[in-house]
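In the UniProt record's numbering, the protein residues as written are 1 to 279. Where a beta carbon is used, it is the ideal one built from N, C-alpha and C, also for glycine. Note that this is a predicted model, so its numbers are computed, not measured. What follows is one structure encoded as structure tokens, with my remarks underneath.
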């Protein structure tokens, strides 16, 4: 009887080094299914017996899941439980009919939405594992998957004379369609962005030219009297320069002549003084 604890200690140490995931027991069939699959892979790799698998898996149960396992221990002998018995108990708890019915409804109405192709496929596969009765053949699985994809992707996947007949072909075509759709979308975004930048630059240049044109407009419309006077002087000088020399001399002579002295007639009885008469 003494070697048994040593055996369990060695088993625990081997299991601990595998870094197996823990399960806390939320009523989420997808999370429960993922944990069960991960645990199955680890236990198969360790090459354990049926009872050792149950022992290791039960050790990874925490919180609410641990309380559930205690209730199982109270109503049946778990020391001789097979791995399949453990799986049946686990699924009866976390794969109940109400939850599975909701998952079936979600699978039939599931659409890609804003998810990528790989994100949608991952979610689809999780739901499909929980609803094996809805997917009885690969053809049915392809049909539901095509219904899941967005319209723009599904249209390209089903284009041509040979639509996909396998799940792998369907996923490959969807990934290719998604790639080119994203490329076209990026090209359009870059095009509109460049147009927007060009309009902004043109508006900036127009505003700058308008600002620079205002002082020039003011200079080209002189309103000051001094500016007009200078303009008249320049025009007069230019006109004089164009006159013949004899005209210029005549104009100068006329300008040097004194105006005639007006005659002064004295009124009768007025005595003139010398100061009143012109020289």
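Are residue i and residue j closer than 8 Å when you measure CB to CB?
i, j, result
"residue 130", "residue 64", "no"
"residue 126", "residue 120", "no"
"residue 331", "residue 52", "With the chain covering 1 to 279 only, the question about residue 331 has no answer from this structure."
"residue 35", "residue 23", "yes"
"residue 106", "residue 83", "no"
"residue 140", "residue 167", "no"
"residue 103", "residue 29", "yes"
Let's test the definition: count the other Cβ atoms within 10 Å of the Cβ of residue i and tell me whether it reaches 16, buried, or not, exposed.
i, result
"residue 298", "Because the chain in this structure spans residues 1 to 279, residue 298 falls outside the shown range and cannot be described."
"residue 209", "exposed"
"residue 145", "buried"
"residue 190", "exposed"
"residue 165", "exposed"
"residue 173", "buried"
"residue 20", "buried"
"residue 61", "buried"
"residue 193", "exposed"
"residue 69", "buried"
"residue 94", "buried"
"residue 178", "buried"
"residue 48", "buried"
"residue 92", "exposed"
"residue 74", "exposed"
"residue 200", "exposed"
Could you tell me which residues DSSP pairs with residue i in its beta bridges?
i, result
"residue 23", "61"
Please look up how many angstroms separate the CB atoms of residue i and residue j, rounded, as I've assumed it's under 8 Å.
i, j, result
"residue 78", "residue 54", "6 Å"
"residue 18", "residue 37", "15 Å between Cβ atoms; not a contact."
"residue 175", "residue 87", "33 Å between Cβ atoms; not a contact."
"residue 153", "residue 181", "7 Å"
"residue 149", "residue 142", "That belief does not hold up - the Cβ atoms of residue 149 and residue 142 are roughly 11 Å apart, past 8 Å."
With a floor of 4 residues, list each alpha helix (DSSP H) that falls wholly inside the UniProt domain "Retrotransposon gag" (57-147), ordered by position along the chain.
63-75, 83-94, 97-109 and 117-130
At 4 residues or longer, what runs of the alpha helix (DSSP H) sit wholly inside the segment 149-207?
151-157
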